[in-house]
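Participant:
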Amino acid sequence: MALVRNKATTDKKLAEELGSPNNVHIFEADITDYNALKGAFEAVSEIAEGSLDYVIASAGLIALWSQWDAVDVLVKDPEQLVKHLQDSFNINVIGNFHLFNHFTPLVLKGQGKKPAPAYAISEAGTSVLAAKFAARYAKEGVLFMSICPGSVDSGFEGKLTEEQKEKVTKLGSKFVNYAPHFTARAPL
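Following numbering that gives the first Met the number 0, the numbering of the sequence shown begins with 0 at its first residue and continues without gaps.
1) Using only the alpha-carbon positions, how far apart do residue 143 and residue 129 sit?
2) State the Cα-Cα distance for the pair residue 55 and residue 109, rounded to the nearest angstrom.
3) Can you grab the Cα-Cα spacing for the pair residue 146 / residue 39, in whole Å?
4) In whole angstroms, what is the alpha-carbon distance linking residue 71 and residue 133?
5) If you draw a straight line from the alpha carbon of residue 188 to that of residue 92, how long is it in whole angstroms?
6) Assuming the contact rule is C-beta atoms closer than 8 Å, residue 65 and residue 83 should be a hit. Round their C-beta distance to whole Å, please.
7) On the DSSP bridge assignment, give the partners of residue 27 in chain order.
8) Have a look at residue 24 and residue 47 and give me their C-alpha separation to the nearest angstrom.
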């Protein structure tokens, strides 16, 4: 199963390279079009009989305008910078969020597993952001770091429901199994 932006082009390339295999199904869906993704999900679900083992999210945008310059150059055209950041985020994050949201029920019924939370996605983005600033300003002696202090009691969690407490306990036990010296929370 494959979701592509242009089915006709992909069908042609597939035919040229592999003939016409009956075990390959191509669906057209723009990653930024929620309803197109929903329609593709319904078609895939029917053909796959309600389960998938894996979803490979390969859609992505590297904006030509911003791919070669450092952050201090890009900021000179703030309107263009905002447009490219928003386009990149819409495709690379939000589009894939909707892709995963639609297809996770099929993966849960398959042999592979499990989805990742928004926190991990945003932290990965922070790591890349720090790396970009570090690369640009290293020669000037400025150090940018993205530090993972582990589990910290920030007071931000608020009151947890019983279901949320069970999930936190389950996750904490996995940390302890991995690293027996793990301390669940350190004061901020």
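Don't be surprised by glycine CBs; every beta carbon is placed ideally from N, CA and C.
Everything numeric in this text was worked out from a predicted model, so none of it was measured.
Facilitator: Taking the coordinates as given:
1) Per the coordinates, the alpha-carbon of residue 143 lies some 6 Å from the alpha-carbon of residue 129.
2) Put simply, the backbone Cα of residue 55 is about 14 Å away from that of residue 109.
3) C-alpha separation (whole angstroms): 39 Å.
4) Whole-angstrom Cα-Cα distance: 12 Å.
5) Lying before the first or after the last residue shown, residue 188 is absent from the chain, which here runs from 0 to 187.
6) That pair is a contact at about 5 Å.
7) DSSP lists 3 as partners of residue 27.
8) Going by the C-alpha atoms only, they are around 10 Å apart.
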